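Presented below is the structure to which this report refers.
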Amino acid sequence: MIHNFFPDESADSAYKIDYKSLYNRGYRGILFDIDNTLVEHGKDADDKAVKLILDLNKLGFKVCFISNNSEERVKRFNKDLHQSYIYKAGKPGRSGYLKGVKTLGTTLSNTVFIGDQLFTDIYGARRAGLKSIFVNPIGKDIEIQIILKRYLEKLVLFFYNHSHTKKRK
17 MIHNFFPDES ADSAYKIDYK SLYNRGYRGI LFDIDNTLVE HGKDADDKAV KLILDLNKLG
77 FKVCFISNNS EERVKRFNKD LHQSYIYKAG KPGRSGYLKG VKTLGTTLSN TVFIGDQLFT
137 DIYGARRAGL KSIFVNPIGK DIEIQIILKR YLEKLVLFFY NHSHTKKRK
């Protein structure tokens, strides 16, 4: 049961993932969570986020943002990026992820999801059949339900890291 929340991979940050390697392994689409994955909660896309997305587009990736936030929030984040997006995605439900893949014109097997929450982002991506990459959250959590979930995530990450260490030995 706990394995349902394990990502396929993890990274310190969305900015430290080897995207060229993902591309070389055949991935062509990236679905991103926004808040605490690419920017601090509620912030607009900064220069770092803009550069990352433009670099990904140059590599050949199609990008779509998948967020449970309102359209206003996602549209504001996306204003300088001009990428596809799904708002009120209903994560961890499957439909937002599947809609994102369809929007990109990619497939479940050549699309990866990147997010900072195990119980919504990663669990939903796994339910949809997508490769998932968990990244450490950017900034401090401000919503009480997310703060509480982070405590449970620490427990899941302990078991994930323990099982991951066993696999490497």
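Numbers in this note's numbering are just positions in the sequence shown, counted from 1, shifted up by 16.
The beta-carbon is built from N, C-alpha and C at its ideal position, and this holds for glycine as well.
Nothing here was measured: the structure is a model prediction, and the numbers come from that model.
**Message:** As an exercise, report each continuous alpha helix (DSSP H) stretch of at least 4 residues that is fully enclosed by the segment 44-102, in chain order.
**Reply:** Taken in chain order, the unbroken stretches of alpha helix (DSSP H) that lie wholly in the segment 44-102 and span 4 residues or more are 63-75, 87-94.
**Message:** Please tell me whether Val90 and Ile46 are closer than 7 Å, where the distance is taken between their beta carbons.
**Reply:** No.
**Request:** Pull up the distance between the alpha-carbon of Arg184 and that of Lys95, whole angstroms please.
**Result:** Caution applies to Arg184, whose pLDDT of 48 falls short of 50 and renders its modelled position unreliable; the model cannot decide the point.
**Message:** I'd like the list of long-range same chain contacts for Leu70, defined as Cβ closer than 6 Å, with 5 residues on each side in sequence excluded.
**Reply:** Result list for Leu70: empty, nothing under 6 Å.
**Message:** Just to confirm my understanding: we take Lys64, look at its own chain, exclude 5 residues before and 5 after, and list those with CB closer than 7 Å. What are they?
**Reply:** So the qualifying residues of the chain are Tyr31.
**Item:** Coil, strand or helix - Phe22 by DSSP
**Value:** Reduced to three states, the DSSP call for Phe22 is coil.
**Residue ranges of each beta strand (DSSP E) within the segment 134-159, 3 or longer** = Correct list: 147-151.
**Prompt:** Of the residues Thr136, Ser37, Ala105, Ala141, which one's Cα is nearest the Cα of Phe77?
**Reply:** The candidate whose alpha carbon is nearest that of Phe77 is Ser37.
**Prompt:** What first and last residue would you give for the alpha helix (DSSP H) that runs through Thr119?
**Reply:** Thr119 -> alpha helix (DSSP H) spans 111-120.
**Prompt:** With a Cβ-Cβ cutoff of 7 Å, do Phe150 and Ser29 count as a contact?
**Reply:** No; because the gap between Cβ atoms is not below 7 Å, this pair is not in contact.
**Message:** Using the three-state DSSP reduction, which class does Ala27 fall into: helix, strand or coil?
**Reply:** Strand at Ala27.
**Prompt:** For Glu114 versus Phe21, is the C-beta distance shorter than 7 Å?
**Reply:** According to the sequence as given, residue 114 is Leu; it is not Glu. Not a contact, by the Cβ cut-off of 7 Å.
**Item:** Element boundaries [alpha helix (DSSP H), containing Ser37]
**Value:** For Ser37, the enclosing alpha helix (DSSP H) begins and ends at 35-40.
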